[in-house]
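Q: Okay, here's the structure, questions in a sec.
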Amino acid sequence: MKRELTQLYPKVWRLTADNPSPMTGPGTNTYLIGQERLVIIDPGPADSAHQNALVELTTTWAAPIEAIIVTHHHSDHSGGAESLAHRCQVPLLSFGQPLQPEAVLEIDDLQLVVKHTPGHIQAHLCLWLPEPRLLIAGDLVAGQGTILIIPPDGDMTAYLASLATMKALNPAAILPGHGPVIENGPALLQSYIDHRLQREQQVLAYLAQGYQTAPEIAGQIYADHPPEVQGIATMQIEAHLEKLRREGRA
400 MKRELTQLYP KVWRLTADNP SPMTGPGTNT YLIGQERLVI IDPGPADSAH
450 QNALVELTTT WAAPIEAIIV THHHSDHSGG AESLAHRCQV PLLSFGQPLQ
500 PEAVLEIDDL QLVVKHTPGH IQAHLCLWLP EPRLLIAGDL VAGQGTILII
550 PPDGDMTAYL ASLATMKALN PAAILPGHGP VIENGPALLQ SYIDHRLQRE
600 QQVLAYLAQG YQTAPEIAGQ IYADHPPEVQ GIATMQIEAH LEKLRREGRA
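Numbers given in my numbering equal positions in the sequence shown, counted from 1, plus 399.
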């Protein structure tokens, strides 16, 4: 299915990959930042149609691509990154390779500030545009639903800290890796924090009742969910248990 390029804000565009699924929602959002020059953020899966569309768009604009950035190395965000970077002969940038926290990238008259946001995975970054106060969030949050935190690379303590740090920026809008633009950014980030802390209280309550393992607790909390989600649910509960163990509460 052909996906349309959407202008979200001045010099901020979105092209959604055709990879819808229960895990990716309507598909992975690729963002193009700039006008005279471009940065491509999260070029999506290894899908030739999506990569071709990105190249065609930039060719039509006659705007040179300065770099390709991935928020993290899950294949739905980065699967097509290496081949696209090679094709366009531009650097491929990610956290630590070589992007460091608070590094500033300039594209046209915009600044993109690198924010290290571990939690979903350790090497996860967001990009903050101070003007116009936009947060390109990768898988920190989603336009619909919640985000998976799967140990050992996923860490609930780090995730909650990242949510709080990004909320403190007071973003006017959040551009997630999946789903629509989030206009009520701080409220959405707080709702994610509240959701995780409420789940933590449920886990503590079941521990107090004698349940000990993640499968046991997940079976209680997610008892009304279909069997196919129990595996993912168990991993989420394990992330909560790891946090509680570190804190001496489990």
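Backbone N, C-alpha and C fix where the C-beta goes; we use that ideal spot for every residue, glycine too.
Spatial neighbours of PRO517 within its chain, please: CB distance less than 7 Å, with the 5 preceding and 5 following residues excluded, ordered by chain position.
A: The residues are HIS523, ASP554, ALA557, SER561.
Q: Determine which residues share a DSSP beta bridge with GLU505 and list them.
A: GLU505 pairs with GLN510.
Q: Round the Cβ separation of LEU526 and LEU547 to the nearest angstrom and send it over; I've been treating them as touching at under 8 Å.
A: Going by Cβ atoms, the distance from LEU526 to LEU547 rounds to 21 Å, so no, they are not a contact pair.
Q: I'd like the list of long-range same chain contacts for GLU641, defined as Cβ closer than 6 Å, with 5 residues on each side in sequence excluded.
A: Closer than 6 Å at the Cβ level, and outside the excluded window around GLU641, lie PRO550.
Q: Would you call GLU501 buried or exposed, if buried means 16 or more other Cβ atoms sit within 10 Å of its Cβ?
A: Classification for GLU501: exposed.
Q: Kindly indicate which three-state DSSP category LEU528 falls into: helix, strand or coil?
A: In the structure shown, LEU528 sits in a strand (DSSP, three-state: E or B).
Q: DSSP state of TYR430, grouped into three classes?
A: Of the three classes helix, strand and coil, the one that applies to TYR430 here is strand, per DSSP.
Q: Within 10 Å of its beta-carbon, does ARG645 have 16 or more other beta-carbons around it, so buried, or fewer, so exposed?
A: Exposed is the call here.
Q: From this set, ASN569, LYS514, GLY576, LEU533, which residue's C-alpha is nearest VAL540's C-alpha?
A: With distances taken between Cα atoms, VAL540 lies closest to GLY576.
Q: Measuring CA to CA, which of ILE439, THR427, GLN629 is closest to LEU492?
A: Looking at the Cα atoms, ILE439 is the closest of the given residues.
Q: Taking Cβ positions, are GLU465 and VAL489 nearer each other than 8 Å?
A: Contact: yes.
Q: Counting along the chain, where does the alpha helix (DSSP H) carrying THR415 start and finish?
A: No alpha helix (DSSP H) holds THR415; the beta strand (DSSP E) holding it covers 411-415.
Q: Assign ILE581 to one of three DSSP states: helix, strand, or coil.
A: Here ILE581 sits in strand by DSSP.
Q: Taking the continuous alpha helix (DSSP H) assigned at LEU456, which residues delimit it?
A: Residues 447-460.
Q: Is the beta carbon of ILE535 closer than 8 Å to that of TYR430?
A: The answer is yes: Cβ separation under 8 Å.
Q: In chain order, what are the residue ranges of uninterrupted beta strand (DSSP E) at least 3 long that sit wholly in the stretch 545-631?
A: Taking only runs of at least 3 residues, the beta strand (DSSP E) segments lying wholly in the stretch 545-631 are 572-575.
Q: Would you say LEU483 and THR457 are within 8 Å of each other, going by their C-beta atoms?
A: It is not a contact, given that the beta carbons lie outside the stated cut-off.
Q: Within 10 Å of its beta-carbon, does GLY426 have 16 or more other beta-carbons around it, so buried, or fewer, so exposed?
A: By the neighbour-count rule (16 or more Cβ atoms within 10 Å), GLY426 is buried.
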